[in-house]
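S.K.: Here it is, the structure in full.
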Amino acid sequence: MTYIDSILKEKRIFYPSHEFSRKSHIKNMAEYSRLYKKSIESPEKFWAKKAEELDWFKKWDIVLRDDMGFFKWFEGGYLNVSYNCLDRIVKSGKKDKIALIWEPETGESRKFTYGQLLKEVCRFANVLKKFGVKRGHIVEIYLPMIPELMIAMLACARIGAIHSIVFAGFSSDALKDRVQDSKAELLITADGSFRNGKIFPLKENADAALKECSTVKNVIVVKRTGNKINVINGRDNWWHELANEKGIGDFCEPESMHSEDSLFILYTSGTTGKPKGILHTQAGYLLFCYLTFKWIFDIKDNDIHFCTADIGWITGHSYIVYGPLSNGATSVMYEGSPNYPSPDRFWRIIEKHKATIFYTAPTAIRALAKEGNEWPEKCNLDSLRLLGTVGEPINPEAWMWYYKMIGKERCPIVDTWWQTETGGILISPLPGATPLKPGSATRPFFGIIADVLREDGSKADVNEGGYLVIKNPWPGMLRTIWNDPQRYKSSYFERYGVYLTGDSARIDEDGYFWIMGRIDDVIKVAGHRIGSAEVESSLVSHDAVAEAAVVPYPHEVKGQAIYAFVVLNKGVKKSEQLKEELIKHVSEHMSPIAKPDKIQFADDLPKTRSGKIMRRILKAIAERSNDYGNITTLADPNVVNVLASNRV
Ligand code: WT7
Numbered sequence: 007m008t009y010i011d012s013i014l015k016e017k018r019i020f021y022p023s024h025e026f027s028r029k030s031h032i033k034n035m036a037e038y039s040r041l042y043k044k045s046i047e048s049p050e051k052f053w054a055k056k057a058e059e060l061d062w063f064k065k066w067d068i069v070l071r072d073d074m075g076f077f078k079w080f081e082g083g084y085l086n087v088s089y090n091c092l093d094r095i096v097k098s099g100k101k102d103k104i105a106l107i108w109e110p111e112t113g114e115s116r117k118f119t120y121g122q123l124l125k126e127v128c129r130f131a132n133v134l135k136k137f138g139v140k141r142g143h144i145v146e147i148y149l150p151m152i153p154e155l156m157i158a159m160l161a162c163a164r165i166g167a168i169h170s171i172v173f174a175g176f177s178s179d180a181l182k183d184r185v186q187d188s189k190a191e192l193l194i195t196a197d198g199s200f201r202n203g204k205i206f207p208l209k210e211n212a213d214a215a216l217k218e219c220s221t222v223k224n225v226i227v228v229k230r231t232g233n234k235i236n237v238i239n240g241r242d243n244w245w246h247e248l249a250n251e252k253g254i255g256d257f258c259e260p261e262s263m264h265s266e267d268s269l270f271i272l273y274t275s276g277t278t279g280k281p282k283g284i285l286h287t288q289a290g291y292l293l294f295c296y297l298t299f300k301w302i303f304d305i306k307d308n309d310i311h312f313c314t315a316d317i318g319w320i321t322g323h324s325y326i327v328y329g330p331l332s333n334g335a336t337s338v339m340y341e342g343s344p345n346y347p348s349p350d351r352f353w354r355i356i357e358k359h360k361a362t363i364f365y366t367a368p369t370a371i372r373a374l375a376k377e378g379n380e381w382p383e384k385c386n387l388d389s390l391r392l393l394g395t396v397g398e399p400i401n402p403e404a405w406m407w408y409y410k411m412i413g414k415e416r417c418p419i420v421d422t423w424w425q426t427e428t429g430g431i432l433i434s435p436l437p438g439a440t441p442l443k444p445g446s447a448t449r450p451f452f453g454i455i456a457d458v459l460r461e462d463g464s465k466a467d468v469n470e471g472g473y474l475v476i477k478n479p480w481p482g483m484l485r486t487i488w489n490d491p492q493r494y495k496s497s498y499f500e501r502y503g504v505y506l507t508g509d510s511a512r513i514d515e516d517g518y519f520w521i522m523g524r525i526d527d528v529i530k531v532a533g534h535r536i537g538s539a540e541v542e543s544s545l546v547s548h549d550a551v552a553e554a555a556v557v558p559y560p561h562e563v564k565g566q567a568i569y570a571f572v573v574l575n576k577g578v579k580k581s582e583q584l585k586e587e588l589i590k591h592v593s594e595h596m597s598p599i600a601k602p603d604k605i606q607f608a609d610d611l612p613k614t615r616s617g618k619i620m621r622r623i624l625k626a627i628a629e630r631s632n633d634y635g636n637i638t639t640l641a642d643p644n645v646v647n648v649l650a651s652n653r654v
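7 is the number of the first residue of the sequence shown in the working numbering; add one for each residue after it.
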């Protein structure tokens, strides 16, 4: 059964237990509805009241302002994000509470109290200052899931530098594109990262990328794997040598940052080949992470929160670092992959650290469910009280497995819908209140007006699929696209005048949202956001390739996988070996997560008379459907049959 068929048939409802509801922040739907109503009737009042829970150096003058389509929150206010995540928690009496539990792929785990983390962050902030990094400067971070990653982010926030993290699973070209766009002056990386017991050559990738990035003057390298690297004198420095220098102080005064100063850039894929640098600012983003984390994960003082995402994606930014720390919670950070050394790794980590909340992607759930029930059955998962999913739609079968096998029918599941652009969760159950329907992200969070529109902008009927939009601003929303304010307007606001998410969805008779997938050229491979145009240009950069078109096809575990149609240069021979080589090429230049699962060599692609590739048709071919829609506008309709009869 396809995903869409299965969610259309889904009728089951699961209620939170009385015990769970009784102890939760939001206890029932009546409370949700009352507060929701208030939050959208007077959003400024709602958010201002919540903002009082943060520490401000100076209070804001105005809660919200629409500056010609660019939204500003808490203008006139000053605060520091690292101060709110560390000093504020230490001052509240939690100096010795564990902030971070780090679980390496192999070896001993490490724990940092709030007091220790504050000191490490201050020391590294002082190191950055010695390199001349100042407020407003950009620091590129290309690190694996090690404590230094969290420390570096918070150190940037402390001195007002803007961090731009590139997922360590990206390779040199992807890193190069991002550094070139951000124009960073300093890069932090590691000698390598561990993945499935093997070493991924981070420093080598960084060296290759930096050959074409003239803005970067200094590189700080964390020794993680101990493999040999090329050290460039005058540019490369070891983190441990810098951080242990005698002259470096244990305290660093936090910069007083204006609410709308930049906090970080995070690149994500869009419709064109050029990644979008999503900009988030200080106060609104922090407040939104703080409140969504507190209420959606229903956080309590003794919770141990384990989010399996990588900090290189927004999920890690918001729900491993900023959300948990601003709530004074304990966050677990895991370095390796879900099935190393065996498919019970996540369950073992839950057991070992007595995690109470577990937040992961549907792909991981499907992959681990396939490994068999014996893996979770052998582990003690009694500490868990709440589960979450994010990144892609979850099919009801996977939901049920998660609910029964991991949550033992005791733990609510929060299916959280959001995006890099939204900063935090926008549509999700509140675990003590919302009745759950497997496969639905349920209802909008406070202050969020979500809707589904038809092509012409009118409101879709109940259960009619359409474009998912958000009709009002919220504090965690992106502020712009780095270096490209015009693209911010055209990508998100031009079509309907309200925020266009890029997803399709339907709203059922109970007001529940069912997300159906992307409507643009973004492919969600195992929950990772991959731009088809980026993969295409990676393929075309290979000598053998003349043209490439990349589309998604449904994949049992990954949700979607990549199907590439490749036209070779004249005279190049088609072979299985060449397919392997192309896959390796994408892996090494862009990322292993972006490599095509299937490649079909084609002599021609279906194009309109004006030369535009008709992806809709290629998608149908890749999905093994025979419903190509209208093909009469093609320059040569014959191409379709040739491609369909040769599909792989
Ligand atoms: C896209 C955003 C949000 C953090 C991780 C992804 C898809 C996300 C869900 C969900 C169905 C989901 C959407 C969205 N997505 N969460 N719960 N149900 N789809 O951030 O990489 O910016 O991707 O992920 O398609 O647009 P991202």
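Note that the Cβ used here is the ideal one computed from N, Cα and C, for glycine as well.
Can you list, in chain order, the residues of its chain with a C-beta nearer than 8 Å to that of asparagine 632? Leave out the 5 residues immediately preceding and following it.
M.R.: To locate residue 632, count along the sequence shown from 1; it is residue 626. If we look at asparagine 632 and ignore the five residues flanking it on each side, its Cβ neighbours are Ala626, Ala650.
S.K.: Cβ of histidine 548 within 8 Å of Cβ of histidine 591?
M.R.: For the purposes of this step, residue 548 is taken as the residue at position 542 of the sequence shown. For the purposes of this step, residue 591 is taken as the residue at position 585 of the sequence shown. Yes, the Cβ-Cβ distance between histidine 548 and histidine 591 is below 8 Å.
S.K.: Would you check if the stretch 243-254 and the stretch 263-270 touch, i.e. whether three or more CB-CB distances between them fall below 8 Å?
M.R.: no
S.K.: Considering only C-alpha positions, which residue in the set Thr448, Ala439, Thr440 is nearest to isoleucine 433?
M.R.: Against the sequence shown, residue 433 aligns to sequence position 427. Here the closest residue by C-alpha is Thr448.
S.K.: By DSSP's criteria, proline 558 is part of a beta bridge. Which residues make up the other side?
M.R.: Numbered from its first residue, the sequence shown carries residue 558 at position 552. For proline 558, which the question treats as bridged, DSSP gives the partners Ile568.
S.K.: Using a Cβ-based criterion (distance less than 7 Å to any ligand heavy atom), does aspartate 509 qualify as near the ligand WT7?
M.R.: Position 503 of the sequence shown holds residue 509. Flag set: Cβ of aspartate 509 near the ligand WT7.
S.K.: Just checking my contact of arginine 493 with lysine 282 at CB under 8 Å: how many whole Å lie between their CB atoms?
M.R.: Locating residue 493 in the sequence shown gives position 487, where the first residue counts as 1. Locating residue 282 in the sequence shown gives position 276, where the first residue counts as 1. So it is a contact: roughly 7 Å between Cβ atoms.
S.K.: Could you check the C-alpha separation between cysteine 313 and asparagine 575 for me, to the nearest Å?
M.R.: Position 307 of the sequence shown, counted from the start, is the residue given in the question as residue 313. Position 569 of the sequence shown, counted from the start, is the residue given in the question as residue 575. Near 45 Å, if we compare the C-alpha coordinates of asparagine 575 and cysteine 313.
S.K.: Return the CA-CA distance between tryptophan 488 and asparagine 652, expressed in angstroms with no decimal places.
M.R.: Numbered from 1 along the sequence shown, position 482 holds the residue referred to as residue 488. Numbered from 1 along the sequence shown, position 646 holds the residue referred to as residue 652. Cα-Cα distance, rounded: 42 Å.
S.K.: Give every residue of the same chain whose Cβ lies closer than 6 Å to the Cβ of lysine 300, excluding the five residues on either side of it in the sequence, and list them in chain order.
M.R.: Numbered from 1 along the sequence shown, position 294 holds the residue referred to as residue 300. Excluding sequence neighbours, lysine 300 sits near Asn333.
S.K.: For a test of your reading of the model: does the CB of valine 475 fall under 7 Å from any non-hydrogen atom of the ligand WT7? Yes or no.
M.R.: To locate residue 475, count along the sequence shown from 1; it is residue 469. Because no heavy atom of the ligand WT7 lies under 7 Å away, the Cβ of valine 475 does not count as near it: no.
S.K.: Expressed to the nearest angstrom, what Euclidean distance is found between the alpha-carbon atoms of aspartate 179 and asparagine 469?
M.R.: Locating residue 179 in the sequence shown gives position 173, counting from the first residue. Locating residue 469 in the sequence shown gives position 463, counting from the first residue. Distance between the alpha carbons of aspartate 179 and asparagine 469: 42 Å.
S.K.: Are the Cβ atoms of aspartate 61 and asparagine 90 separated by less than 8 Å?
M.R.: Taking the first residue of the sequence shown as position 1, residue 61 is located at position 55. Taking the first residue of the sequence shown as position 1, residue 90 is located at position 84. A contact, by the Cβ cut-off of 8 Å.
S.K.: Between aspartate 490 and the rest of its own chain, which residues show a CB-CB distance below 8 Å, the 5 nearest in sequence each way excluded?
M.R.: If you number the sequence shown from 1, residue 490 lands on position 484. The answer, listed in chain order, is Lys282, Gly283.
S.K.: Quick one: is the Cβ of arginine 524 within less than 7 Å of any heavy atom of the ligand WT7?
M.R.: In the sequence shown, residue 524 corresponds to position 518, counting from 1. With a cut-off of 7 Å, the C-beta of arginine 524 is classified as near the ligand WT7, since at least one heavy atom of the ligand falls inside that distance.
S.K.: May I ask which residues mark the beginning and end of the alpha helix (DSSP H) holding arginine 655?
M.R.: Not covered by the structure: residue 655. The range shown for the chain is 7 to 654.
S.K.: Could you name the residues of the same chain whose beta carbon sits closer than 7 Å to that of aspartate 304, not counting the 5 residues immediately before and after it, in chain order?
M.R.: What you label residue 304 is simply residue 298 of the sequence shown in a count that begins at 1. Excluding sequence neighbours, aspartate 304 sits near Ser30, His31, Leu392, Pro437, Gly438.
S.K.: Terminal residues of the continuous alpha helix (DSSP H) containing glutamine 186?
M.R.: Taking the first residue of the sequence shown as position 1, residue 186 is located at position 180. Note, glutamine 186: alpha helix (DSSP H), 178-188.
S.K.: How would you call glutamate 109, buried or exposed, if buried means at least 16 neighbouring beta carbons within 10 angstroms?
M.R.: By 1-based counting over the sequence shown, the position of residue 109 is 103. Classification of glutamate 109: buried, given that the 10 Å Cβ count is 16 or more.
S.K.: Quick one, which of Ala167, Met522, Ala608 has its alpha-carbon nearest glutamine 566's?
M.R.: Here the question's residue 566 lines up with position 560 in the sequence shown. Among Ala167, Met522, Ala608, the Cα nearest to that of glutamine 566 is on Met522.
S.K.: Just to confirm my understanding: we take histidine 286, look at its own chain, exclude 5 residues before and 5 after, and list those with CB closer than 6 Å. What are they?
M.R.: Locating residue 286 in the sequence shown gives position 280, where the first residue counts as 1. Cβ neighbours of histidine 286 beyond the five flanking positions: Leu269, Phe270, Gly429.
S.K.: Can you check the stretch 54-127 for any alpha helix (DSSP H) of at least 4 residues that lies completely inside it and give the ranges in chain order?
M.R.: none
S.K.: Below 8 Å, how does it come out for the stretch 321-338 and the stretch 78-98: are there three or more Cβ pairs, yes or no?
M.R.: Segments in contact, yes.
S.K.: Please report the straight-line C-alpha distance between serine 464 and glycine 472, rounded to a whole angstrom.
M.R.: For the purposes of this step, residue 464 is taken as residue 458 along the sequence shown, with counting starting at 1. For the purposes of this step, residue 472 is taken as residue 466 along the sequence shown, with counting starting at 1. Cα to Cα, serine 464 sits roughly 10 Å from glycine 472.
S.K.: Given a threshold of 16 other Cβ atoms within 10 Å of its Cβ, counted over all protein chains shown, does glycine 617 qualify as buried or as exposed?
M.R.: The residue labelled residue 617 in the question sits at position 611 within the sequence shown. Per the 10 Å Cβ criterion, exposed.
S.K.: How far does the alpha helix (DSSP H) with glutamine 606 in it extend, from its first residue to its last?
M.R.: Mapped onto the sequence shown, residue 606 falls at position 600. Counting along the chain, glutamine 606 falls outside any alpha helix (DSSP H), though it belongs to the beta strand (DSSP E) covering 604-607.
S.K.: Straight-line CA distance for alanine 36 to isoleucine 317?
M.R.: Position 30 of the sequence shown, counted from the start, is the residue given in the question as residue 36. Position 311 of the sequence shown, counted from the start, is the residue given in the question as residue 317. Rounded to whole angstroms, alanine 36 to isoleucine 317 spans 36 Å at the Cα level.
S.K.: Going by C-alpha distance, which of Gly413, Val573, Pro260 is nearest isoleucine 356?
M.R.: What you label residue 356 is simply residue 350 of the sequence shown in a count that begins at 1. Cα-wise, what sits closest to isoleucine 356 is Gly413.
S.K.: Taking 7 Å as the cut-off, is the beta-carbon of tryptophan 488 closer than that to any non-hydrogen atom of the ligand WT7?
M.R.: Here the question's residue 488 lines up with position 482 in the sequence shown. Result no, Cβ not under 7 Å from the ligand WT7.
S.K.: Considering just the uninterrupted stretch of the beta strand (DSSP E) at arginine 311, what are its terminal residues?
M.R.: To locate residue 311, count along the sequence shown from 1; it is residue 305. Here residue 311 is histidine; the residue named in the question, arginine, does not match the sequence. 310-313 is the span of the beta strand (DSSP E), which, as asked, contains histidine 311.
S.K.: Between which two residues does the beta strand (DSSP E) carrying arginine 512 extend?
M.R.: Looking up residue 512 in the sequence shown gives position 506. Membership of arginine 512 in the beta strand (DSSP E) is indicated by the continuous run 505-513.
S.K.: By the DSSP assignment, the alpha helix (DSSP H) with asparagine 224 in it spans what residues?
M.R.: Within the sequence shown, numbered from 1, the residue matching residue 224 stands at position 218. No alpha helix (DSSP H) holds asparagine 224; the beta strand (DSSP E) holding it covers 224-228.
S.K.: I think alanine 532 touches glutamate 542, with their Cβ atoms under 8 Å apart; what is that distance to the nearest whole Å?
M.R.: Working through the sequence shown from its first residue, we reach residue 532 at position 526. Working through the sequence shown from its first residue, we reach residue 542 at position 536. Actually they are not in contact, since the Cβ atoms of alanine 532 and glutamate 542 sit about 19 Å apart, beyond 8 Å.
S.K.: Within the stretch 447-494, note down every full beta strand (DSSP E) run reaching 3 residues or more, in order along the chain.
M.R.: 456-459, 472-476
S.K.: Just to confirm, is the Cβ distance from glycine 163 to isoleucine 194 under 8 Å?
M.R.: The residue labelled residue 163 in the question sits at position 157 within the sequence shown. The residue labelled residue 194 in the question sits at position 188 within the sequence shown. Note on identity: in this sequence residue 163 is alanine, with glycine being the wrong assignment. Cβ atoms of alanine 163 and isoleucine 194: not closer than 8 Å.
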